[in-house]
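According to the working numbering, the sequence shown is numbered sequentially starting from 194. We treat Cβ as the ideally placed atom computed from N, Cα and C, and that holds for glycine. Because the structure is a prediction, the values reported are computed rather than measured. Working notes, structure below.
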Amino acid sequence: MILELFEGMDQVFLEVAQALLPLLIFFGVFQVALLKLPRVYVMNLGRGILVAFLGMVLFLQGVNVAFLPAGREIGEAITAFGHLWLLIPLGFLLGFVATYAEPAVRVLGYQVAESSSGYIKESLIVYTLSFAVAISVSLGMARLVYGIPLLYILIPGYSLVIILLFLTDPEFAGIAFDSGGVATGPMAVTFLLSLAVGVAAGIEGRNPVIDGFGLIALIALAPILSVLALGILYRGTRGEE
Numbered sequence: 194m195i196l197e198l199f200e201g202m203d204q205v206f207l208e209v210a211q212a213l214l215p216l217l218i219f220f221g222v223f224q225v226a227l228l229k230l231p232r233v234y235v236m237n238l239g240r241g242i243l244v245a246f247l248g249m250v251l252f253l254q255g256v257n258v259a260f261l262p263a264g265r266e267i268g269e270a271i272t273a274f275g276h277l278w279l280l281i282p283l284g285f286l287l288g289f290v291a292t293y294a295e296p297a298v299r300v301l302g303y304q305v306a307e308s309s310s311g312y313i314k315e316s317l318i319v320y321t322l323s324f325a326v327a328i329s330v331s332l333g334m335a336r337l338v339y340g341i342p343l344l345y346i347l348i349p350g351y352s353l354v355i356i357l358l359f360l361t362d363p364e365f366a367g368i369a370f371d372s373g374g375v376a377t378g379p380m381a382v383t384f385l386l387s388l389a390v391g392v393a394a395g396i397e398g399r400n401p402v403i404d405g406f407g408l409i410a411l412i413a414l415a416p417i418l419s420v421l422a423l424g425i426l427y428r429g430t431r432g433e434e
């Protein structure tokens, strides 16, 4: 049982190493040519990269071993239970939790708060994205339950994005589109996508390939809309001041 936890970990080691190696080479070239940072700083940086490497390996291994099969099994179990409407509130709950636990969302919130000198709070960004993804996942579950075509949601959604771009505070435009990327991190892609595929496989008349995928597109759309709407609220607050 314990050995199963480490199955495929060598591949994860290789993938993480391939991801970090170009960054190390890039830093090494700049260190030699331009930066010339003190030796102590470089050693601390090396320790930090090592910790990040081990953390990424353990995180991704845990995701592959736990979240992928868990999501699929939960989806199939709920559809076998028969009360498909439960997928909608469950999708809201799981979407919120998965996004709140997403490391990339935390990083974005921290960077936004730091760059804006605290004007835009980190917690505000985190909770905005979490609620947005929660709504999008519940909408994705409703799409599976009632057979709603994906384009019926995406086309109006991205059309609304274009409209909101002209109404929102300009500071929020870039944050909005970046938030769509960070919300589709390993937590969402592994757990929520596998959940959707499991649900599609368990509902009669649904095709896991056609209906099971597309949830990540909804997850990417929702944070963009929510942050743009947040920018409109900030612009209104400024106008009142």
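If we ignore side chains and look at the alpha-carbon of each, how far apart do residue i and residue j end up?
i: residue 369; j: residue 427; result: 14 Å
i: residue 232; j: residue 239; result: 10 Å
i: residue 393; j: residue 328; result: 19 Å
i: residue 383; j: residue 250; result: 15 Å
i: residue 245; j: residue 264; result: 26 Å
i: residue 282; j: residue 276; result: 12 Å
i: residue 437; j: residue 389; result: Here the chain covers residues 194 to 434 and nothing more, so residue 437 does not appear.
i: residue 300; j: residue 391; result: 30 Å
i: residue 319; j: residue 416; result: 10 Å
i: residue 262; j: residue 387; result: 7 Å
Is it buried or exposed for residue i, if we count other Cβ within 10 angstroms and need 16 for buried?
i: residue 323; result: buried
i: residue 211; result: exposed
i: residue 287; result: buried
i: residue 313; result: buried
i: residue 380; result: buried
i: residue 302; result: buried
i: residue 355; result: exposed
i: residue 297; result: buried
i: residue 204; result: exposed
i: residue 227; result: exposed
Would residue i and residue j qualify as a contact pair, given that the criterion is a beta-carbon distance under 8 Å?
i: residue 337; j: residue 404; result: yes
i: residue 344; j: residue 421; result: no
i: residue 333; j: residue 411; result: yes
i: residue 330; j: residue 408; result: yes
i: residue 398; j: residue 268; result: no
i: residue 242; j: residue 207; result: no
i: residue 315; j: residue 376; result: no
Could I get the ranges of all uninterrupted alpha helix (DSSP H) runs contained in the region 324-392, with 4 residues as the minimum, in chain order? 344-358, 364-375
Quick one: which unbroken alpha helix (DSSP H) runs of 4-plus residues sit fully inside the region 207-261? Chain order, please. 232-255
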